[in-house]
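Just add 1 to the spot in the sequence shown (first one is 1) and you have UniProt numbering.
Each remark here refers to the structure printed beneath this line.
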Amino acid sequence: SERTLVLVKPDGVSRGLVGEVISRIERKGLSLVALELKHVSKELAEQHYAEHKERPFFGSLVEFITGGPVVAIVVEGVRAVPAFRQLAGGTDPVEKAAPGSIRGDFGTEVQYNLVHGSDSADSAKREIDLWFPNL
Ligand code: GTP
Ligand code: MG
């Protein structure tokens, strides 16, 4: 069993999709270990997305993720990292995320793709330490 960090991004929170996301995590058989509604500082956003800091969309990504509260969740279960990536669907909700996935069912455009999930066990550890330093 392993852990992953899930974020319901500001668009998911403002569209009222927190329950939908949690419900899908639970129905998959994964468990919630920690959960917090959080206003994200610029510093936390920049650290979270550090791997993208040279990308042209970095500024707008940081602005978006700090623009409203997010729900941060530590999820645990068998192969939780790839399991949640499958639930989320591909990054682009229109062309990559399959229908039936969170992004495929509800997403509109690449920046507004509703959820984040750690992309590896190493990323998960780094991100959980960042978002839940007391866990
Ligand atoms: P996360 O789980 O949020 O990390 O998404 P991901 O792993 O599917 O994608 P990636 O890490 O490559 O990109 C991080 C986030 O940056 C994405 O979820 C999008 O919100 C945003 N993003 C990625 N590519 C683009 C892009 O080409 N344009 C814009 N505006 N945003 C992008
Ligand atoms: Mg990513």
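All residues carry an ideal CB built from backbone N, CA and C; glycine is no exception.
Asked	Found
Residue(s) in a DSSP beta bridge with PRO100	SER102
7 Å CB neighbourhood of VAL14 in its chain, flanking five on each side removed	GLY69, PRO70, VAL71 and VAL72
Contacting residues, own chain, Cβ-Cβ under 8 Å from ARG80 (five flanking each side not counted)	GLU3
Burial state of HIS40, where buried means 16 or more other Cβ atoms lie within 10 Å	exposed
Stretch-stretch touch, CB-based, cutoff 8 Å, three pairs: the segment 5 to 20 with the segment 79 to 93	yes
Touch test, the segment 95 to 110 against the segment 49 to 56, Cβ-Cβ under 8 Å, three pairs minimum	no
Buried or exposed (CB count within 10 angstroms, at least 16 for buried), GLU55	exposed
Residue burial classification, SER102 (beta-carbon count within 10 angstroms, cutoff 16)	buried
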